[in-house]
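> Once you've had a glance at the structure underneath, I'll fire off some questions.
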Amino acid sequence: MVLLMRRRLLRRVGCSVATAGLALAAAPPAHAADTVAVPVLNGTFAQPVAPDNGTAAGHADWSPENNGVVFGKALAQHPQGYQAASLNWNGSPLVLRTRLWGVKAGSHVTLSWDDSPGVDRRCTAEQLKDGQTYNVALIAPGPVPDPQITTKGTDTVGTANWTTGRSFGFDAPEDNPMVSFESAERRDSLSCGPLITNVTAAQTPAPVDQKVRKEQLPPPKGYKGNEPLEPGVVVDDCEGAAANCTFTVDKGSSYQYYGQTRIVGEVYLNCSRNAIVDDRKITVTEPPYDSLTQYYALKGTPLVPSRSDISQSRPNLAGQAAAGFSAAGGNPAAVSTTNPLTWSRTSTKGLNPTIQPGEVSWIEVQPARERVAGTFTNARNKYRLDAVFDVPATSLPDRYFQRTGPFTDVELQRCAAARPTAGTPDNGANPGNRLVSVDAPPAGVRARSVALNP
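Residue numbers -32 to -1, 1 to 422, in mature numbering (1 follows the signal peptide of the UniProt record, and there is no 0), belong to the letters of the sequence shown in order.
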């Protein structure tokens, strides 16, 4: 898949570009309690494993994987013994890209890494004495050129000179943003280029938008390695076998909440002269919602059965989500849990509301729900799928309300209407002849009822 994106200058927090040394000013540190680590896959270039004094082709989990080499520990000479990636090899300057998984749009990210001038035997003293240059960029739409960084210099060919703790901050323009390191070395031997390693990241997450409706969840995002992929490909892969994918919950983006209240059962109008106890059973059904079902529906290819939950249309994938949810709740074995992922719930509750004369009464429920965000991964083919589920909460109770209020004018007329049988006295002739004497609502008091099919 061709990645049609351009680089954007990482200049959102007023960072400056220098001519030597630390080329990019460090971002202001976030409060420790607000900052969380972001995983950078193979950030120390430990894979593939190279001979201590040799190289190995490729960079696992970086794009392109099969381009360039990693330097072994002894050859790289990093103070912490890490392997390193060269940004020049085989006569060409290289670019290495990776995604920062789990970062949401709007989050503030601090990217950190170490660099050194090249240690390849084909380097020349002239190339190394003033350091070597490369660019760090955020892959996103925009024509702004990349900033250039210069490593420390060295006086000896084959001797590293590491700068540790380079850092740069930016605000993520999208979920799972992609960053890149690209050589700017084009002098003499093109196999002599700067080394990088120990790439890490941290983020101050953007506030979770809890106003997103469950009927319009964020669309799923699929990836193969670092490249975007049609989400349906990953869905089919996960559904292929019960153990194909592993679901990991994004705890920072998941939360419990109470949904909008709604009327359940009948609305009762007491047109009599006495208080009435209305013994009734209320049945409430809470359905599931998920970004995958919505995605397929918007594509015009709804899942079958299209109006059922994901556990029926894609049971293997749903089982993987349920196992990951239980593991995130502190039950790695996903057995005998008291807080399972519940796709749908139907509950019946006996209620005995008392309705006073001239009063309307109804029952409302405020459902307890859970928004679960997370990622399906398949290490075998490096598939990833970000998805969101909105399901009934198991560990949070629903709320029931008995609502009452005075009659509206429509309801008063209904209570005063003629009986629907022949020979029934005309109950609406005048107030004095009514079978039911009902006072009008007190002045200034608004009725809280809604007339249903008046």
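The beta-carbon is built from N, C-alpha and C at its ideal position, and this holds for glycine as well.
Please work out which residues of its chain come closer than 6 Å, Cβ to Cβ, to residue 367, disregarding the five sequence neighbours upstream and downstream, and give them in chain order.
By 1-based counting over the sequence shown, the position of residue 367 is 399. Cβ within range, chain order: 334.
> Identify every residue that forms a DSSP beta bridge with residue 78.
Looking up residue 78 in the sequence shown gives position 110. In the DSSP output, where bridge partners are listed per residue, residue 78 has 137 and 170.
> To which residues of the same chain is residue 364 closer than 7 Å at the C-beta, ignoring the five residues directly before and after it?
Looking up residue 364 in the sequence shown gives position 396. Counting only Cβ-Cβ distances below 7 Å, and skipping sequence neighbours, we find 224 and 336.
> Tell me the DSSP secondary structure of residue 36 in three-state form.
For the purposes of this step, residue 36 is taken as residue 68 along the sequence shown, with counting starting at 1. In this structure, residue 36 counts as coil in the three-state DSSP scheme.
> Taking the alpha-carbon positions, what's the residue 150 to residue 51 distance?
By one-based count along the sequence shown, residue 150 stands at place 182. By one-based count along the sequence shown, residue 51 stands at place 83. Spanning the two alpha carbons is a distance of roughly 18 Å.
> Based on DSSP bridge pairs, tell me the residues matched to residue 344.
Position 376 of the sequence shown, counted from the first residue, corresponds to residue 344. Paired residue(s): 215 and 353.
> Could you pull the DSSP bridge partners for residue 189 from this structure?
To locate residue 189, count along the sequence shown from 1; it is residue 221. 354, per the DSSP bridge assignment.
> Who are the near neighbours of residue 91 in its chain, counting only those whose CB is closer than 6 Å to its CB and skipping five residues on each side?
Taking the first residue of the sequence shown as 1, we reach residue 91 at position 123. These residues qualify, in order along the chain: 125 and 160.
> Between the Cα of residue 26 and those of 57, 6, 42 and 49, spot the shortest distance and give me the residue it belongs to.
On the sequence shown, position 58 is the one that residue 26 refers to. If we check each option's Cα against that of residue 26, 57 comes out closest.
> Based on DSSP bridge pairs, tell me the residues matched to residue 426.
As displayed, the chain neither begins before -32 nor continues past 422, which places residue 426 out of reach and without an answer.
> For residue 284, which residues from the same chain have a beta carbon less than 6 Å from its beta carbon, with the 5 sequence-adjacent residues on both sides left out?
Here residue 284 corresponds to residue number 316 of the sequence shown, with the count starting at 1. Same-chain partners within the cutoff: 207 and 210.
> Determine the direct distance from the alpha carbon of residue 313 to that of residue 329, and round the result to whole angstroms.
The residue labelled residue 329 in the question sits at position 361 within the sequence shown. The residue labelled residue 313 in the question sits at position 345 within the sequence shown. Residue 329 and residue 313: Cα-Cα distance of roughly 25 Å.
> Would you call the region 224 to 238 in contact with the region 139 to 153, where contact means no fewer than 3 C-beta pairs closer than 8 Å?
Because the criterion of three Cβ pairs below 8 Å is not met, the region 224 to 238 and the region 139 to 153 do not touch.
> Under the DSSP definition of a beta bridge, which residues are partnered with residue 278?
Here residue 278 corresponds to residue number 310 of the sequence shown, with the count starting at 1. None, per the DSSP bridge assignment.
> In whole angstroms, what is the alpha-carbon distance linking residue 222 and residue 341?
Position 254 of the sequence shown holds residue 222. Position 373 of the sequence shown holds residue 341. Approximately 5 Å, taken between the alpha carbons.
> Please return the same chain residues whose Cβ sits closer than 6 Å to the Cβ of residue 5, not counting the five positions on each side in sequence.
Position 37 of the sequence shown, counted from the start, is the residue given in the question as residue 5. Result list for residue 5: 170, in chain order.
> List the endpoints of the continuous beta strand (DSSP E) containing residue 195.
Position 227 of the sequence shown, counting from 1, holds the residue named residue 195. 195 to 197 is the span of the beta strand (DSSP E), which, as asked, contains residue 195.
> Buried or exposed for residue 105, please, with buried defined as at least 16 other CB atoms from any protein chain shown within 10 angstroms of its CB.
Taking the first residue of the sequence shown as position 1, residue 105 is located at position 137. Label assigned to residue 105: buried.
> Tell me where the alpha helix (DSSP H) around residue 382 begins and ends.
In the sequence shown, residue 382 corresponds to position 414, counting from 1. Counting along the chain, the alpha helix (DSSP H) containing residue 382 begins and ends at 377 to 384.
> Just checking my contact of residue 145 with residue 68 at CB under 8 Å: how many whole Å lie between their CB atoms?
Here the question's residue 145 lines up with position 177 in the sequence shown. Here the question's residue 68 lines up with position 100 in the sequence shown. Residue 145 to residue 68, Cβ: 6 Å. Contact.
> Tell me, to the nearest whole angstrom, how far the beta carbon of residue 385 is from that of residue 324; I am working on the premise that it is less than 8 Å.
On the sequence shown, position 417 is the one that residue 385 refers to. On the sequence shown, position 356 is the one that residue 324 refers to. That pair is no contact at about 21 Å.
> Give the DSSP-derived three-state secondary structure of residue 142 in the structure shown.
Translated into the one-based positions of the sequence shown, residue 142 becomes position 174. Three-state result, residue 142: coil.
> Can you say whether residue 184 is buried or exposed, counting buried as having 16 or more other CB atoms within 10 angstroms of its CB?
By one-based count along the sequence shown, residue 184 stands at place 216. When all chains shown are included, residue 184 counts as exposed.
> For residue 60, tell me which candidate among 287, 35 and 250 has the shortest Cα-Cα distance.
Position 92 of the sequence shown, counted from the first residue, corresponds to residue 60. It is 35.
> Measuring CA to CA, which of 262, 120, 251 and 129 is closest to residue 188?
Within the sequence shown, residue 188 is the residue found at index 220, counting from 1. Of 262, 120, 251 and 129, the residue nearest in Cα terms is 262.
> Thinking C-alpha only, which one of 246, 121, 166 and 108 is nearest residue 134?
Position 166 of the sequence shown, counted from the first residue, corresponds to residue 134. Considering only alpha carbons, the answer is 166.
> Would you call the region 237 to 252 in contact with the region 264 to 279, where contact means no fewer than 3 C-beta pairs closer than 8 Å?
Touching, no, given that fewer than three Cβ pairs across the two stretches are closer than 8 Å.
> What did DSSP end up calling residue 224 once you bin it into helix, strand or coil?
Taking the sequence shown and counting its residues from 1, one reaches residue 224 at position 256. Strand at residue 224.
> For a test of the three-state rule: what should DSSP assign to residue 261, helix, strand or coil?
Counted from its first residue, the sequence shown places residue 261 at position 293. Of the three classes helix, strand and coil, the one that applies to residue 261 here is helix, per DSSP.
> How is residue 10 classed by DSSP in three states: helix, strand or coil?
Against the sequence shown, residue 10 aligns to sequence position 42. Of the three classes helix, strand and coil, the one that applies to residue 10 here is coil, per DSSP.
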